[in-house]
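If you read the sequences in order, they're chains Z and D. Residues in the first sequence are numbered consecutively from 1, following full-length UniProt numbering. Residues in the second sequence are numbered consecutively from 1, following full-length UniProt numbering. For reference, the structure discussed in these notes is given below.
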Amino acid sequence: MAQRVVLHYFNGRGKMESIRWLLTVAEVEFDEKFLDTREEYEKLVNDGVLMFQQVPMVEIDGMKLIQTKAILHYIAEKYNLHGKDLKDRVMINMYSEGLMDLMEMIMILPFLPDPKPKLDEIQSKANERYLPVYEKVALTGPVYLVGGKLSLADVLLVECTLMLEEKFPAILKDFPNVKSFQGRMIQIPAINRFLQPGSKRKPPPGENYAKTAIEVFRIKLPTQ
Amino acid sequence: MAQRVVLHYFNGRGKMESIRWLLTVAEVEFDEKFLDTREEYEKLVNDGVLMFQQVPMVEIDGMKLIQTKAILHYIAEKYNLHGKDLKDRVMINMYSEGLMDLMEMIMILPFLPDPKPKLDEIQSKANERYLPVYEKALTGPVYLVGGKLSLADVLLVECTLMLEEKFPAILKDFPNVKSFQGRMIQIPAINRFLQPGSKRKPPPGENYAKTAIENRRINSHEF
C-alpha cells in the first residue's frame, strides 16, 4: 500500500487550502498533522524536516515537499492535471498564478487591523482584472479553462470563486460563464463531497485564526 | 527565422531580471521594450496584451506570457533546464522558490523609507535559512539537481551575486556555494552576461524606485 500523504500546517485554510483542494480533486487521500502551538512548529524546525523552516509541508512519495507552488505543480503533474504539453502548461500556470495572487489578498484579511481598504481592493481587482479574463477569454465555449481537460487552473478557479462569494455574495452576477463553470465543477463528485460538512475543507477564518497563526508562526503584521 | 523574444518591463532589474538570466543561460537572444513612462505602460494595458494588466510580459513563440514563475517554467522546460523527471522537477522548484523569496526581499529595498531592518532580515535569513540548504546540496555535486544545469542553478548564481552586492563577505562561511558560483560564472554565456555592455541590469540606483512607482503607481506592498 502506498504511503499516506500527510499535510503539516495549522488547522485553517491559509496556504495549504489550495493543496487540500487539489488532492481532493485528484482523489488522493491525505492525513493532516495540525500545528496548534509554537512548540509543535519549533519541533518540526528542529527535526530538520522543513527545508526553509516553513510550512506548508507535504509528505508524499517519500519526500517532504515545501513551497506551495512547487507542491501544487508536483501533484498536478503526477495526477495529469497539468496539461498535455508545454503550451497548455504555461496557460494553466498563468491562469493559476493570477488566481493565487487574488486568493493571497483574501488570505491576508484576518491579519489587517482595518480590512476595509483591502476588501475594496479585492473587489475591484476581481471585477476589473481577474474575472473578466476567465469570463471572456477562457470560458466562452470550452468546458474547462485549458486544453479541453480538467487542470490545476480549474481547481483554483472554483476555490477562488467560492472564497470571493463568501466576501461578496453577488460578485459573479456579471460573469455568467464563470458562474456556470462553478456550477459544473461543484457537481464533480469529489468536489461535491469536499463541500459537504465533515470534509477536510477548512472553514473561513474565524476569530482565533489570526491569533493562532501569529502565535505559531510569529508572523509580523503588515504595516499597511 | 524564429520570432524574436521581446521583454516588456521597465529599464531595471525588478522581477524581469531572473528571466533575463535564464534566457541568457539558455542562449536565447532577446529584445527589450522599456516602459519609461506611465503612458507607455497604459498603452500596453489598453492594447489588451497584458493578461492581468501586469508586467513582466514576454513575447515568445507567438504568445504573450505573464507571471514571472510561469515564464521561468516555460523557458526552463523548453530549453531543458527543468529536470529530467517529476522528482528532479520538484527539487528544482523548491530550491527556486526559496531563492525567489530571498531575491524578492532584496527587490523591495529601494521602496522602503528605512531599509535597515529589511537588510538585517535578509542577512540573517540568508545565513540561517537559505544558504545552509544550498551549501549542503552542493557537498559533492556540481549542480544542484540531477547532475545537470537547471533553473535552480541559474537563480542561485543570480541570488548570490545580488547578496554579495549588499554583503560582500556573505559567502565566507559557505565555501561550496562560493565554489559553485565560481564554476557557474565561467560558463561562457554567464561570463559574457557579467561583462559591461550586456543586457544585465545594474543594481537599483536613485531613480529606480521613483520610476517604478510613477510608471505603475505601485504601492510598496504590491511588489
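All residues carry an ideal CB built from backbone N, CA and C; glycine is no exception. Model, not experiment: these values are computed from the prediction.
Residue i touches chain Z at which residues, Cβ-Cβ below 9 Å?
i: D/Ile66; result: Met94, Glu97 and Gly98
With a threshold of 7 Å between beta-carbons, can residue i be considered close to chain D, or not?
i: Z/Ala213; result: no
i: Z/Tyr209; result: no
i: Z/Glu77; result: yes
i: Z/Gln187; result: no
i: Z/Gln53; result: yes
i: Z/Val90; result: yes
i: Z/Met16; result: no
For a contact defined as C-beta to C-beta under 7 Å, what are the partners of residue i on chain Z?
i: D/Gln53; result: Arg129
i: D/His8; result: Going along chain Z, no residue has its Cβ under 7 Å from D/His8, so there is no contact; the nearest lies around 15 Å.
i: D/Gly14; result: Simply none; closest approach about 16 Å.
What is the DSSP secondary structure of residue i, counted as helix, strand or coil?
i: D/Val142; result: coil
i: D/Glu158; result: helix
i: D/Glu104; result: helix
i: Z/Lys33; result: strand
i: D/Glu27; result: coil
i: Z/Tyr95; result: helix
i: D/His73; result: helix
i: D/Phe34; result: strand
i: Z/Glu27; result: coil
i: residue 242 of chain Z; result: With chain Z covering only 1 through 224, there is no way to say anything about residue 242 of chain Z.
i: Z/Lys8; result: For clarity, residue 8 of chain Z is His in the given sequence; the question names Lys instead. Three-state DSSP puts Z/His8 in a strand.
i: Z/Val155; result: helix
i: Z/Lys64; result: strand
i: D/His82; result: coil
i: Z/His73; result: helix
Using a Cβ cut-off of 8 Å, pull out every chain Z residue sitting near residue i, in sequence order please.
i: D/Lys78; result: Leu86
i: D/Asn93; result: Gln67, Lys69, Ala70, His73 and Tyr74
i: D/Lys69; result: Lys69, Asn93 and Glu97
i: D/Leu86; result: Tyr74, Glu77 and Lys78
i: D/Tyr130; result: Phe52
So the candidates are the options; which of them puts its Cα closest to the Cα of residue i?
i: D/Val6; options: D/Glu42, D/Arg38, D/Asn46 and D/Ile71; result: D/Ile71
i: D/Leu155; options: D/Asn11, D/Leu23, D/Ala209 and D/Arg4; result: D/Leu23
i: Z/Gln53; options: Z/Ile66, Z/Lys211 and Z/Phe10; result: Z/Ile66
i: D/Ile185; options: D/Glu158, D/Lys78 and D/Ser124; result: D/Glu158
i: Z/Glu166; options: Z/Lys64, Z/Ile122 and Z/Leu86; result: Z/Ile122
i: Z/Leu162; options: Z/Thr212, Z/Ile60, Z/Ile106 and Z/Ser124; result: Z/Ile106
i: D/Glu42; options: D/Lys87, D/Glu206 and D/Tyr9; result: D/Tyr9
i: D/Pro132; options: Z/Met51, Z/Thr24, Z/Leu102 and Z/Asn11; result: Z/Met51
i: Z/Gln3; options: Z/Val28, Z/Gly198, Z/Asn127 and Z/Gly206; result: Z/Val28
i: Z/Leu156; options: Z/Ile19, Z/Pro205, Z/Leu7 and Z/Pro203; result: Z/Ile19
i: Z/Ile60; options: D/Met51, D/Leu86 and D/Gln3; result: D/Leu86
i: Z/Thr68; options: Z/Tyr41, Z/His8, Z/Val90 and Z/Thr212; result: Z/His8
i: D/Gln54; options: Z/Glu97, Z/Gly147 and Z/Pro169; result: Z/Glu97
i: Z/Asp101; options: Z/Gly206, Z/Gly14, Z/Gln196 and Z/Asp88; result: Z/Gly14
i: Z/Pro205; options: Z/Phe34, Z/Ile108 and Z/Gly62; result: Z/Ile108
Please list the partners that residue i has in chain D, where partner means a Cβ-to-Cβ separation under 9 Å.
i: Z/Val133; result: Met51 and Phe52
With the cut-off set at 7 Å, would you say residue i and residue j are in Cβ contact?
i: Z/Arg38; j: Z/Val216; result: yes
i: D/Glu27; j: D/Ala189; result: yes
i: Z/Pro113; j: Z/Tyr209; result: no
i: Z/Phe30; j: Z/Val49; result: no
i: Z/Ala26; j: Z/Tyr79; result: yes
i: D/Glu135; j: D/Phe174; result: yes
i: D/Glu77; j: Z/Leu72; result: no
i: D/Lys201; j: D/Glu32; result: no
i: Z/Leu152; j: Z/Ile92; result: yes
i: Z/Ala70; j: D/Val145; result: no
i: D/Tyr130; j: D/Leu171; result: no
i: D/Phe111; j: D/Ala209; result: yes
i: D/Gln80; j: D/Leu138; result: It should be pointed out that residue 80 of chain D corresponds to Asn in this sequence rather than to Gln. No, the pair does not count as a contact, with Cβ atoms beyond the cut-off.
i: Z/Asp154; j: Z/Leu145; result: yes
i: D/Gln123; j: D/Phe167; result: yes
i: D/Lys199; j: D/Arg4; result: no
i: Z/Met94; j: D/Ile66; result: yes
i: Z/Glu135; j: Z/Phe181; result: no
Examine chain Z for any beta-carbon lying closer than 7 Å to the beta-carbon of residue i, and answer yes or no.
i: D/Val133; result: yes
i: D/Gly98; result: yes
i: D/Tyr143; result: no
i: D/Glu222; result: A caution first: D/Glu222 carries a pLDDT of 42, below 50, which makes its placement in the model too unreliable to give a value.
i: D/Tyr41; result: no
i: D/Tyr208; result: no
i: D/Val45; result: no
i: D/Val157; result: no
i: D/Val90; result: yes
Step through the CB atoms of chain B and report whether any lies within less than 7 Å of the CB of residue i.
i: D/Val154; result: The displayed structure is made up of protein chains Z and D, and chain B is not among them.
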